[in-house]
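Engineer:
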Amino acid sequence: MNPLIHFVEEKKVFHLTNNYVSYIIEIVEDTYLLHRYWGQKITSYNFSNRPKLKKRTFAATPDMNIPELSLEFLPQEVSLPHQGDFRNSSLKIRNEDGQGITRFVYVGYEILDEALTLQDLPSARSNEAFCQTLIVHLYDKVANIALDLFYTIFEDSPIIVRSTKVINEGSSTIKVEKLLSASLDIRYENQVCTSFYGTHQKEFQMNRNDIKHGLFKIGSARGASGPQYPPFIALSKEATEFQGEVHAMTLLYSGNHEEILERDQYNNLRMQIGLNEEGFSWTLKSGETIQSPQALLVYSNQGFNSNSQAFHTFFNNHLINPSWKKRKRPIVINSWEMTYFDVSEALLKKLIDSASLLGFETVVLDDGWFGKRNSSKTSLGDWKVDEKKFPNGIKSLVDYAKEKGIDFGIWFEPEMISPDTNLIKQHPEWVMKSKSYEPILGRSQYFLDLTNKEVQNFVIKTLSDAITNFGVNYIKWDMNRHMTDPFSPTETENNSQEFSHRYMLGFYHIISTLTSSHPEVLFENCSSGGGRLDPGMLFYFPQTWISDNTDALDRQQIQYGASYMFPISSITGHVSDVPNHQTGRITEFEIRAALASSTNMGYEMDVIAMSEEEMKKVANHISTYKRERKLVFEGEFYRLSSPNESNICSWMFVDGDKSNAIIYVFRNTYQVFDLSLLVRIPYLDQEANYLEVITNATYSGSELYNCGISLENPKGDFIVHKLILKKCK
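FYI, in our numbering the residues of the sequence shown are 4 to 732.
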């Protein structure tokens with residue numbers, strides 16, 4: 004294999020490169036790591052973009068003999084406080100005397116022919132692709148602290164994986180008060196910043212802003228990655244979905260995080276991502292270490308679609324469990340919106356019967372099956388089957404489903420505990436809380452303290468027993484509130500600054516153990532929908548219930564935004580009833596079905612009470628989706644028209660050799676001045692002709708790209724057009 008990482012000794016330059024990208028670091032004065040380039044592959048580097056340094060008034064200079072050398076304006080790979088760099092730092096360490104100063108010096112490097120596997124955190128998998136990891140060693144000889152910076156590059160991806168490790172080699176205890184995973188400095192060239200904001204039922208809303216002087220920061224301090232500001236930030240200049248350079252970052256982590264852009268007085272841009280500094284510190288005794296989560300740095304020069312393709316391909320090849328990469332995901336019918344808490348054995352048997360006739364592959368029993376769970380105010384933690392609702396238990400239902408040729412799944416919220424449960428009476432010390440105050444309720448529930456090994460073992464045993472005893476092969480894992488009392492009542496120091504990260508380590512241990520022990524079970528991530536949708540979760544959960552909001556209008560923006568990072572196979576969408584339960588909006592079945600068909604598709608509707616005509620529609624939809632599922636899951640996904648910018652939302656699926664494509668075009672409100680709808684369709688073979696199957700018309704790929712295709716614009720709100728293209732032989 005050709006090496007992906009080169010060190011040019013005479014230039015003191017590291018060059019990470021493959022067919023897609025180059026990333027360049029220079030060692031200056033045998034001390035500092037400077038960022039020189041991140042972008043399109045270049046064959047060699049000879050400092051063409053390195054500015055000539057000038058002495059600046061008020062700039063601190065570490066070497067009086069080089070007055071023009073100051074960290075105030077040098078583009079760094081790691082940034083520290085109290086060294087003349089007054090921008091946002093990426094690492095803060097405080098010693099036993101209370102001093103928050105460190106001065107790291109470059110001391111060496113290693114290049115490994117493998118990806119870095121983190122013991123307690125999700126990490127990029129090498130699988131079969133060749134990759135290399137650069138480890139740059141820095142050292143503070145006064146404090147006796149080692150600092151390692153990790154950079155991994157894969158031969159098949161334009162992505163650089165970064166992480167940071169602190170090793171206390173001194174005899175005294177230190178505190179790491181800030182630990183970001185990636186930090187780099189580039190020039191400001193009128194780029195704009197793209198991020199996402201959201202809330203429950205309105206996840207992944209696009210946020211695109213000009214970059215002003217000063218600090219721009221988003222993130223989460225909620226104990227989860229959160230729908231408010233998911234871990235993603237991108238820089239672009241005049242980029243569209245189809246063209247232009249995009250530099251993006253995300254984090255393989257599901258807890259508190261922060262993303263930062265800082266534009267300084269010299270028009271430098273600092274771009275950072277990692278653990279949220281707010282509410283974080285970590286004590287390191289002599290010999291102890293801490294490793295940051297991995298950050299992904301994604302570059303493309305063909306717009307945001309290309310950037311998304313890099314994410315999708317990388318997540319499929321190097322993040323999702325390989326056993327689920329191409330395994331068929333089931334079409335589910337979920338009981339929630341049909342029954343809410345009012346579930347029973349008789350009802351579920353009817354649901355199984357109807358699901359079998361209609362072509363569903365899995366029935367999922369959602370909330371309400373355990374304890375005295377007739378509302379959200381009780382029974383979490385008492386995971387005993389409600390015998391009044393299910394006199395013959397869950398196993399009999401699973402067996403009944405198997406007789407009908409259907410699999411069975413079940414809902415859990417394992418991280419939570421209700422106030423009136425037997426579990427809380429037996430183990431009040433398992434509740435996340437401080438020693439001085441009563442914990443605050445959220446959705447009528449408390450957190451379990453997942454930093455406690457006993458609690459971890461309880462959750463593992465509870466889920467393992469359910470999987471084994473019930474025989475289910477699908478777990479919907481929910482999490483319906485955020486942290487307010489980040490303390491462990493069993494810890495003597497009760498250090499809230501470490502708690503949130505320790506909670507995530509405990510959570511990762513639980514789900515890693517369960518997914519390893521039960522590889523046949525499909526674990527679906529849910530947190531009131533997309534409240535904890537992040538790449539860290541995708542490492543363990545192949546798919547996520549992306550939003551509790553199934554409304555056909557809102558779902559356009561939600562799915563459009565989530566596709567910036569997540570492959571379609573990892574996004575779950577269901578067809579639900581109307582009026583929609585979240586918005587009260589009424590849309591036609593065909594629109595709801597088309598949106599769900601653009602994801603990992605399932606249903607929430609009451610299929611038991613349907614008319615014969617309605618059942619025929621559902622059966623036809625399921626049958627069609629089964630034929631198209633391979634293209635949806637394994638094909639390339641491209642956004643064509645944004646619902647954030649127009650009255651139209653459209654996207655396409657196309658297979659690798661451009662032989663087959665499906666295009667969905669959603670038009671929302673009717674406008675009298677739009678006589679027709681025109682949609683351009685790129686990403687086809689420009690030299691080939693295509694048959695549009697529904698209309699039996701033939702067009703060239705170049706015509707569809709350059710001229711577009713005109714579609715009818717009938718009166719009335721909310722319509723959908725579906726195009727099926729097949730390359731002519």
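Beta carbons are placed, not taken as given, at the ideal position from N, Cα and C, and that holds for glycine. Only a predicted model underlies this, so the values are computations on that prediction, with no experimental measurement involved.
#1: Along the beta strand (DSSP E) that carries TYR567, what are the first and last residues, could you check?
#2: Using the Cβ count rule (16 or more neighbours within 10 Å means buried), how would you classify LEU264?
#3: Taking the beta strand (DSSP E) that GLY277 belongs to, which residues open and close that run?
#4: Give the C-beta separation of CYS529 and THR553 to the nearest angstrom, bearing in mind that I take them to be a contact with Cβ-Cβ under 8 Å.
#5: Measuring straight from C-alpha to C-alpha, what distance separates ALA127 and LEU508?
#6: So, are the CB atoms of LEU287 and ASN377 less than 9 Å apart?
#7: Check each candidate in GLN43, VAL31, GLU32 and name the one with the smallest Cα separation from SER25.
#8: Apply the 10 Å Cβ neighbour rule to MET4 and answer buried if 16 or more other Cβ atoms are within range, or exposed otherwise.
#9: Measuring straight from C-alpha to C-alpha, what distance separates THR136 and ILE156?
#10: Give a yes or no on whether 9 Å exceeds the smallest Cβ distance from LEU360 to chain C.
#11: Just checking my contact of CYS652 with TYR708 at CB under 8 Å: how many whole Å lie between their CB atoms?
#12: Which stretch, first to last residue, makes up the alpha helix (DSSP H) that contains GLY576?
#13: Could you pull the start and end residues of the beta strand (DSSP E) that VAL462 belongs to?
#14: Rounded to whole angstroms, how far is the Cβ of ASN692 from the Cβ of SER703, which I believe are closer than 8 Å?
#15: Give the DSSP bridge partners of GLY290, in chain order.
#16: How should PHE415 be labelled, buried or exposed, when 16 other C-beta atoms within 10 angstroms of its C-beta is the threshold for buried?
#17: What are the boundary residues of the beta strand (DSSP E) that ILE221 is part of?
#18: Got a sec? Which residues, its chain only, sit under 7 Å from GLN689 by beta carbon, not counting five neighbours each side?
#19: Do the CB positions of ASP740 and GLN204 come within less than 9 Å of each other?
#20: With GLU158 as the anchor, note down where its beta strand (DSSP E) starts and where it stops.
#21: Hey, could you find the ends of the beta strand (DSSP E) LEU183 is sitting in?
#22: Use the C-beta contact count for GLN122: other C-beta atoms within 10 angstroms, 16 or more gives buried, fewer gives exposed.
#23: LEU299 and PHE317 - do their beta-carbons sit closer together than 9 Å?
#24: Is the stretch 662-676 touching the stretch 350-364, taking contact as three or more C-beta pairs under 8 Å?
#25: Taking the alpha-carbon positions, what's the TYR641 to ASN476 distance?
#26: Is it the case that the stretch 93-109 contacts the stretch 179-186, given that we only count it when at least three CB pairs across the two stretches are under 8 Å?
#27: Would the beta-carbon of GLU527 fall within 9 Å of that of PHE510?
#28: For LEU211, does the three-state DSSP call read helix, strand or coil?
#29: Around the Cβ of ILE236, are there at least 16 other Cβ atoms within 10 angstroms (buried) or fewer (exposed)?
#30: Give me the residue from ARG683, TYR40, ASP33, GLY659 with the minimum Cα distance to SER645.
Structural biologist: Judging by the given coordinates:
#1: Against the sequence shown, residue 567 aligns to sequence position 564. For TYR567, no beta strand (DSSP E) segment is defined, and its DSSP state is neither H nor E.
#2: Position 261 of the sequence shown, counting from 1, holds the residue named residue 264. It counts as buried.
#3: Numbered from its first residue, the sequence shown carries residue 277 at position 274. Counting along the chain, the beta strand (DSSP E) containing GLY277 begins and ends at 271-278.
#4: On the sequence shown, residue 529 is found 526 positions in, with the first residue counted as 1. On the sequence shown, residue 553 is found 550 positions in, with the first residue counted as 1. About 13 Å separates the two Cβ atoms, so there is no contact after all.
#5: Position 124 of the sequence shown, counted from the start, is the residue given in the question as residue 127. Position 505 of the sequence shown, counted from the start, is the residue given in the question as residue 508. In this structure, the CA atom of ALA127 is about 17 Å from the CA atom of LEU508.
#6: Looking up residue 287 in the sequence shown gives position 284. Looking up residue 377 in the sequence shown gives position 374. Here LEU287 is not near ASN377, since their CB atoms are 9 Å or more apart.
#7: Here residue 25 corresponds to residue number 22 of the sequence shown, with the count starting at 1. Out of GLN43, VAL31, GLU32, GLN43 has the C-alpha closest to the C-alpha of SER25.
#8: For this step, residue 4 is matched to residue 1 along the sequence shown. MET4 sits exposed, since fewer than 16 C-beta atoms from the chains shown fall within 10 Å of its C-beta.
#9: For the purposes of this step, residue 136 is taken as the residue at position 133 of the sequence shown. For the purposes of this step, residue 156 is taken as the residue at position 153 of the sequence shown. Rounded to whole angstroms, THR136 to ILE156 spans 7 Å at the Cα level.
#10: Absence of chain C from the displayed structure is noted, only one protein chain being present.
#11: Your numbering for residue 652 matches position 649 in the sequence shown. Your numbering for residue 708 matches position 705 in the sequence shown. In fact, because the Cβ distance is near 19 Å, the residues do not count as touching under 8 Å.
#12: Here residue 576 corresponds to residue number 573 of the sequence shown, with the count starting at 1. Not the alpha helix (DSSP H): GLY576 falls in the beta strand (DSSP E), residues 574-578.
#13: Here the question's residue 462 lines up with position 459 in the sequence shown. VAL462 -> not in any beta strand (DSSP E); alpha helix (DSSP H) instead, spanning 456-473.
#14: Taking the sequence shown and counting its residues from 1, the one referred to as residue 692 is at position 689. Taking the sequence shown and counting its residues from 1, the one referred to as residue 703 is at position 700. Going by Cβ atoms, the distance from ASN692 to SER703 rounds to 5 Å, so yes, they are a contact pair.
#15: Residue mapping note: residue 290 aligns to position 287 of the sequence shown, counting from 1. Answer is none; GLY290 lacks a bridge partner.
#16: Taking the sequence shown and counting its residues from 1, the one referred to as residue 415 is at position 412. That one is buried.
#17: As a position in the sequence shown, residue 221 is number 218, starting the count at 1. It spans 217-223 - the beta strand (DSSP E) in which ILE221 sits, taken as one unbroken run.
#18: The count along the sequence shown starts at 1 and reaches residue 689 at position 686. Hits under 7 Å: GLY704, SER705, TYR708.
#19: The chain is shown only over 4 to 732; residue 740 falls outside these bounds and no answer can be derived.
#20: Indexing the sequence shown from 1 puts residue 158 at position 155. First-last for GLU158: undefined, no H or E at that position.
#21: The residue you call residue 183 lines up with position 180 of the sequence shown. Residues 177-190.
#22: The count along the sequence shown starts at 1 and reaches residue 122 at position 119. Exposed: under 16 other Cβ atoms inside 10 Å.
#23: Residue mapping note: residue 317 aligns to position 314 of the sequence shown, counting from 1. Residue mapping note: residue 299 aligns to position 296 of the sequence shown, counting from 1. At a Cβ-Cβ threshold of 9 Å, PHE317 and LEU299 count as neighbours.
#24: Under the three-pair Cβ rule at 8 Å, the stretch 662-676 does not count as touching the stretch 350-364.
#25: Here the question's residue 641 lines up with position 638 in the sequence shown. Here the question's residue 476 lines up with position 473 in the sequence shown. Approximately 32 Å, taken between the alpha carbons.
#26: Yes, the stretch 179-186 is in contact with the stretch 93-109.
#27: The residue you call residue 527 lines up with position 524 of the sequence shown. The residue you call residue 510 lines up with position 507 of the sequence shown. Not in contact: GLU527 and PHE510 (Cβ atoms no closer than 9 Å).
#28: What you label residue 211 is simply residue 208 of the sequence shown in a count that begins at 1. Here the sequence assigns Arg to residue 211, which means Leu is not the residue at that position. In the displayed model, ARG211 falls within a strand according to three-state DSSP.
#29: Indexing the sequence shown from 1 puts residue 236 at position 233. Classification for ILE236: buried.
#30: Working through the sequence shown from its first residue, we reach residue 645 at position 642. The closest CA to that of SER645, considering only ARG683, TYR40, ASP33, GLY659, is found on ARG683.
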